[in-house]
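2 protein chains.
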Amino acid sequence: MPQFMDVHRGMTGLSPEQLDEAHRADLAIQAEEDVNFKQAWADPAEGIVFCLSEAPSADAIKKIHERAGHPTEEVYEVSLQV
Amino acid sequence: MPQFMDVHRGMTGLSPEQLDEAHRADLAIQAEEDVNFKQAWADPAEGIVFCLSEAPSADAIKKIHERAGHPTEEVYEVSLQV
Chain C
1 MPQFMDVHRG MTGLSPEQLD EAHRADLAIQ AEEDVNFKQA WADPAEGIVF CLSEAPSADA
61 IKKIHERAGH PTEEVYEVSL QV
Chain H
1 MPQFMDVHRG MTGLSPEQLD EAHRADLAIQ AEEDVNFKQA WADPAEGIVF CLSEAPSADA
61 IKKIHERAGH PTEEVYEVSL QV
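The listed protein sequences derive, respectively, from chains C and H. The numbering used here numbers the first residue of the first sequence as 1 and each following residue consecutively. The numbering used here numbers the first residue of the second sequence as 1 and each following residue consecutively.
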C-alpha cells in the first residue's frame, strides 16, 4: 500500500487534546476509504501538522481529512523511506 | 529531548540510493551536535523530503544538515504526537 505524508497549516495553538480529537475523527472513518493513519506530529507554535498514512491514493486521504473536518490539499506520496 | 520534523525541497528525481547516502551523511556526524535522525520519507516526484529527529535545538539540526550537504531552514519542533 502506498505511503503518504500530508500537511495541515493554520493550526497555531493546537492543544494535545485537539490533536488527539482530530486524529480520532480520522480513525473513526478511515476504513471507508481504506486509509490507515499511522502517526501525526504537530508544531503548535508554527501551526503545522504532519500525518503519515498508508492509503490507496492521495485522494482517499483528502476525502477522509475533509469529512473529519480538517481538509488539506497538501498530500505527498512518500515512496522512499530510510 | 525535543523532537523535530524538517523539510527539504527541490529534490525532484531523488533515488533510493541518494536518500540513503544523504541519511548516512547525517548519521555520520549527528553525534557532534547531539542529534538523532530517526526516520526520513521522500516524495521524489514532488522533490520533498521529511526528516524526523530528536535534537537539543532546531539549530543543531540545521548545522548537521548543512555540513552533510543538504541545508534547510525549514525545521519544525513537533512537540505533539499521536
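Glycine included, C-beta positions come from ideal geometry on N, C-alpha and C.
In this structure, the alpha-carbon of A31/C lies about 41 Å from that of G69/H.
Taking a contact as a CB-CB distance under 8 Å, the pair V35/C and A58/C does not count as one, their CB atoms being some 10 Å apart. Within the segment 30-47 of chain H, the residues whose Cβ lies closer than 8 Å to some Cβ of chain C are Q39, A40, W41, A42, D43, P44, A45, E46, listed in chain order. Setting aside the 5 residues that flank it on each side, Q39/C is surrounded in the same chain by L52, each with a C-beta closer than 7 Å to its C-beta; the list follows chain order. For the set R67/C, E74/C, E77/C, L80/C, the Cα lying nearest the Cα of D26/C is the one of R67/C. With respect to F4/H, A55/H sits close: the two C-beta atoms are nearer than 7 Å. If you compare the alpha carbons of V75/C, E33/C, M1/C with that of V49/C, the shortest gap goes to V75/C. Each of E46/C, G47/C, S79/C, H65/C was checked against the Cα of A22/C, and the nearest Cα belongs to H65/C.
In the DSSP assignment, E66/C falls within the alpha helix (DSSP H) that extends over 58-67. DSSP, reduced to helix, strand and coil, places A28/H within a helical segment of the structure shown. Rounded to whole angstroms, the gap between the alpha carbons of E73/H and K63/C is 31 Å. Nearest Cα to F37/H within the set R24/H, E46/H, P44/H, G47/H: R24/H.
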